[in-house]
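J.: Pasting a structure below so you can have a look.
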Amino acid sequence: MAKYGFFLGCIMPLRYPGIESSTRAVLDSLGVELVEMQGASCCPAPGVTRSFDQTYWMSVAARNLVIAEKMGVDIVTICNGCFDTLFEAAHKLNHDVELRKKINKILKEAGVDEYQGTVNVRHFVELLYKDVGVEAIRAKARHGKGMKAAVHYGCHFLKPSNIKKIDDAERPHIFDDIVEAAGMTSLPFKDKGTCCGAGGGVRARTPDVALKMTKENLTNMKAAGAEVIVDCCPFCHLQYDAGQAQLKEFGIPVLHLSQLLGLAFGLEKEKLGLEVHLTKVNL
Amino acid sequence: MAEAKEPNPEFTRKVVEAGGKTVNLCFQCGTCTGSCPSGRQTAFRVRKLVRRAQLGFEEDVLPSDDLWLCTTCFTCYERCPRGVEIVDVIMALRNMAVRKGYMAEPHRKVAELISKTGHMVSLRDEDKALRAKLGLQGVPPTVFSDPKALEQVKKIGVACGFDKLIAGGK
C-alpha cells in the first residue's frame, strides 16, 4: 500500500490529539504508511485566510504542497478544512501554469523551493473507501458497537463537487458505508448533510449564529434516535462537541471516524483521547 | 418615493477580477437563499447579496455583516441553476472588504496567529502532555518544532503584504 504525507493541521494535533493517535493506529493496521511532513504549517484555514487574501492563502498552502512534493508523496488529511485548502490549491496550481508562476515567485521571495505541480491531496474517508475498501475495514472491525450513528459529512469533504468529484454532494454514501462496515447503523435524518455552522469564519465572529445551526442539526439527529455522531473533520467535531456542552442538552457523544474505527478495531480506549471531549463519551 | 441608486459597473468589474467571475450569470431565482442554512437562522439573504454585487452597490456590500454570515458550505454553489460560483463571489467580496479595513477583531486575531506562529491554534503545556500520553511527539513535527520553516511562513506574509493588511483592521 502506498505511503502518504500525513498533514496534521491545527485543531487535531492541538485540541483533539486522540484523533491523531487513532488515525495513525487505524491506518497502520490497514497497511497504509504515514510519513511526517516536517515543518508543515496551518493549511491555512480557509474561513479566515481565504476570506482575507486569496493570494496569501494559496501561497502558504503551496509551501505545504512543496514539502510533500520534495518527499515524493501525496498528502492525506483527516480534516475537511485542510482538505479544502490543500485540494483546491493543488487543483489550481497543478493545472494553471500562469498561477503557478505567480505563486512560485512569492515562494522564492520567502526562500521556499518552487512547486512543480505534482502533488495529489486525499481525504482520509475517500482514501479508506477507494484504496483500502469497505471489505478490508469490515474484516478488521470485530468490536463494532452496533449503535445508531448520525453521520456528518461536513461541507468541504465533497464540495465543491465539480472539482472534488468524490461522491454525490446531495446524496453521498461512501462515509455511511464505512460506518456500517464498522458495525454501526447509519441513520437517515432530516436535513442530513447540512453545515455544522462553524465554517467560513462564522464560529469565530458570530458564535451564537453558528450554535443555532448546530442546534438545529442536533435536534434532527436526536429525533432520529442518534446514539453517536460520527464526523470526518476536527472543526465540525469541535462544533458538535463544544456546542453540546454549551447548550447543556442532547449529550450525544461525538466521534471522529478515526476514533470510531479505533474502537471497532479493538484499539486500547486510552489511545483514542476521548477524555478531552467536552460531551462525555461512555461507549 | 425613495431615490433610485445608480448601478456602478466599475465595482462589478472589480468583483469579477477579484475572482467572482460568474456573478453576472445570476438571474435571481433565489435557490441560493432557499438552500442557505445560515439564512434560516438570520436575516442574511444570499440572493440579495449577489444582486447588490451585480449592480455594483459597493457601500451596501463591503461594510455589511451579511458578507460574514456565510459558512461557505457550498450548498447554494452546488444547486445554482446558472452556475454562479457563489462562494467564489463571496470570497472576492470579502477580500475587497478586508482591503478597505472591514475585518472583525476575532478574525484579525486568527489571521495574526497564523502569520506569527504558522498555526491558528496555540500549543499549551497541557497539549504537549496529552500528546505525550497518547504516544505522540509532545511538540508536533510542524513549524512548532522547526524555526526555519516558521521563518518561511512569516516571509510569505511579508511578500504578500498580509502583515500590513491585518494591521489595518477596523
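Line by line, the protein sequences give chains A and B.
Here the first sequence stands for residues 1 to 283, numbered as in the working numbering.
Here the second sequence stands for residues 1001 to 1170, numbered as in the working numbering.
For each residue, glycine too, the CB sits at the ideal point set by N, CA and C.
Note that the structure is predicted; figures quoted are calculated from it, not measured.
Can we say the segment 1023-1035 of chain B touches the segment 1064-1072 of chain B, given the rule of at least three CB pairs closer than 8 Å?
T.: no
J.: Measuring only between beta-carbons, confirm whether residue 55 of chain A sits less than 7 Å from chain B.
T.: yes
J.: Pull up the DSSP beta-bridge partners for residue 122 of chain A, would you.
T.: Partner(s): A:76.
J.: When you compare the CB of residue 41 of chain A with every CB in chain B, is at least one pair closer than 7 Å?
T.: yes
J.: Where DSSP assigns a beta bridge to residue 6 of chain A, which residues make up the other side?
T.: A:36, A:76
J.: Counting only C-beta atoms, is residue 209 of chain A closer than 7 Å to chain B at any point?
T.: yes
J.: Helix, strand or coil, according to DSSP, for residue 322 of chain A in the structure here?
T.: No answer is possible for residue 322 of chain A: the residues shown for chain A start at 1 and end at 283.
J.: Do residue 279 of chain A and residue 246 of chain A count as a contact pair if the criterion is CB distance below 7 Å?
T.: Not closer than 7 Å, so no.
J.: Report buried or exposed for residue 1073 of chain B, applying the criterion of at least 16 other Cβ atoms within 10 angstroms of its Cβ.
T.: buried
J.: By Cβ distance below 6 Å, which residues in the same chain neighbour residue 1075 of chain B in space, the five residues on each side in sequence not counted?
T.: 1035
J.: At the 7 Å Cβ level, is residue 1094 of chain B part of the contact set with chain A, yes or no?
T.: yes
J.: In three-state terms, what does DSSP make of residue 59 of chain A?
T.: When secondary structure is reduced to three states using DSSP, residue 59 of chain A falls in the helix class.
J.: In chain order, what residues of the same chain have a beta carbon less than 7 Å from the beta carbon of residue 1079 of chain B, not counting five sequence neighbours either side?
T.: Within the same chain, residue 1079 of chain B has close Cβ partners 1031, 1035.
J.: So, with DSSP's three-state summary, where would you put residue 190 of chain A?
T.: coil
J.: Which whole-angstrom value is the C-beta distance of residue 289 of chain A and residue 233 of chain A, which I expect to be below 8 Å?
T.: Only positions 1 to 283 of chain A appear in the structure, and residue 289 of chain A is not among them; the question remains open.
J.: Do you know whose CA, among B:1130, B:1047, B:1059, B:1055, lies nearest residue 1081 of chain B's CA?
T.: B:1047
J.: Taking only runs that begin and end inside the segment 189-272 of chain A, name each unbroken beta strand (DSSP E) of 3 or more residues, in chain order.
T.: 228-231, 254-256
J.: At the level of alpha carbons, what is the spacing between residue 204 of chain A and residue 1111 of chain B?
T.: 11 Å
J.: Using a Cβ-Cβ distance under 7 Å, would residue 1080 of chain B count as near chain A?
T.: Not flagged as an interface residue toward chain A: residue 1080 of chain B, since no C-beta distance is shorter than 7 Å.
J.: Can you list, in chain order, the residues of the segment 217-251 of chain A whose Cβ is nearer than 7 Å to any Cβ on chain B?
T.: Closer than 7 Å at the C-beta level to chain B, one finds no residue of the segment 217-251 of chain A.
J.: Cα separation between residue 1064 of chain B and residue 1015 of chain B?
T.: 16 Å
J.: Run the CB neighbour count on residue 72 of chain A, radius 10 Å, all protein chains shown included, and call it buried at 16 or more, exposed below.
T.: exposed
J.: Would you please verify whether the beta carbon of residue 88 of chain A is less than 7 Å from any beta carbon of chain B?
T.: no
J.: Report the option in A:99, A:109, A:55, A:161 whose CA atom is closest to the CA atom of residue 117 of chain A.
T.: A:99
J.: Using DSSP's beta-bridge definition, name the partner residues of residue 152 of chain A.
T.: A:231
J.: Can you pull the chain A neighbours of residue 1086 of chain B, defined as C-beta to C-beta under 8 Å?
T.: Ordered by position in chain A, no residue passes the 8 Å Cβ test against residue 1086 of chain B, which lies about 10 Å from the chain.
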